[in-house]
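Heads up: the structure comes next, in structure tokens.
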Amino acid sequence: MLIKEYHILLPMSLEEYQVAQLYMIQKKSREESSGEGSGVEILANRPYSDGPGGSGQYTHKIYHVGSHIPSWFRALLPKAALQVEEESWNAYPYTRTRYTCPFVEKFSIEIETYYRPDAGQQTNVFNLSAAEKRQRILDTIDIVRDPISPGEYKPEEDPKLYHSAKTGRGPLG
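Numbering-wise, full-length UniProt numbering puts 25 at position 25 of the sequence shown, and it's gapless, one number per residue.
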């Protein structure tokens with residue numbers, strides 16, 4: 001099993017990030033829903049009281065990914081291969097998400113997320129055993145200081161240059 005841990009440093013409070021995350025999830029779901037063979041189908045969206053992280057919101061979704069695959073290849077695949085299922089338990093600041101594909105029964109990706117106000121300083125946020133810690137790959141991502149290739153650089157998206165007139169935030173760095 002692959003254990004990959006990301007520490008992503010964000011220049012905002014946990015409360016601000018939660019609002020931003022919810023906004024971007026609904027925006028991306030709407031953008032991805034562009035007709036036949038695309039979009040997000042919500043099967044369940046309900047509160048839970050005794051699941052991962054305590055109390056939170058459970059969602060079960062199907063992502064229809066057919067529109068992202070070339071038509072000649074899509075024609076060869078069964079419908080089940082063009083779907084990805086997501087189950088998510090959101091007890092912010094903890095979430096657990098599982099992705100599966102009905103066509104490939106043994107395939108699954110599980111993602112556990114803790115949002116912490118500590119700039120990524122905790123060394124064992126998931127309480128891994130010594131053996132798991134040796135196996136773990138740790139990657140720290142800093143959206144302000146990490147290098148970006150010249151071909152992908154956009155000054156209007158550079159957090160070192162951007163300033164929000166509405167919030168007064170920025171530039172960062």
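Glycine included, each C-beta is placed from N, C-alpha and C at the ideal position.
- What is the C-beta distance between ILE8 and ARG136, in whole angstroms, given that I count them as a contact (C-beta under 8 Å)? Translated into the one-based positions of the sequence shown, residue 8 becomes position 8. Translated into the one-based positions of the sequence shown, residue 136 becomes position 136. With a beta-carbon spacing of about 16 Å, ILE8 and ARG136 fall beyond the 8 Å limit used to define contacts.
- Straight-line Cα distance separating CYS101 from LEU77: To locate residue 77, count along the sequence shown from 1; it is residue 77. To locate residue 101, count along the sequence shown from 1; it is residue 101. Taking the straight line from one Cα to the other gives about 13 Å.
- Exposed unless 16 or more other CB atoms sit within 10 angstroms - verdict on ASN45: Sequence index remark: in the sequence shown, residue 45 carries index 45 (1-based). The residue in question, ASN45, is exposed, as its Cβ has fewer than 16 Cβ neighbours within 10 Å.
- Task: Counting only runs of 3+ residues fully inside the segment 79–151, write out the beta strand (DSSP E) ranges in chain order.
- Result: List check, beta strand (DSSP E) in window: 83–91, 94–101, 104–114 and 137–142.
- Query: From this set, GLY56, ILE25, GLY151 and ASP50, which residue's C-alpha is nearest TYR94's C-alpha?
  - Reply: Walking along the sequence shown from the start, residue 94 turns up at place 94. Answer by Cα proximity: GLY56.
- Item | Closest residue to TYR48 among THR113, LEU82, SER88 and ILE143 (Cα-Cα distance) | Taking the sequence shown and counting its residues from 1, one reaches residue 48 at position 48. The shortest C-alpha separation from TYR48 is found at SER88.
- Name the residue from ILE69, TRP72, ALA20 and GLY39 whose alpha carbon lies nearest to the alpha carbon of ILE62. Residue mapping note: residue 62 aligns to position 62 of the sequence shown, counting from 1. Looking only at ILE69, TRP72, ALA20 and GLY39, the smallest Cα-Cα distance to ILE62 is reached by GLY39.
- Task: Below 6 Å CB to CB, which residues in the same chain sit around ALA81 once its five sequence neighbours on both sides are set aside?
- Result: Stepping through the sequence shown from its first residue, residue 81 is reached at position 81. Cβ neighbours of ALA81 within its own chain (closer than 6 Å, five residues either side excluded): PHE103.
- Query: Contact between the segment 123–140 and the segment 150–158: three or more CB pairs below 8 Å?
  - Reply: Segments in contact, no.
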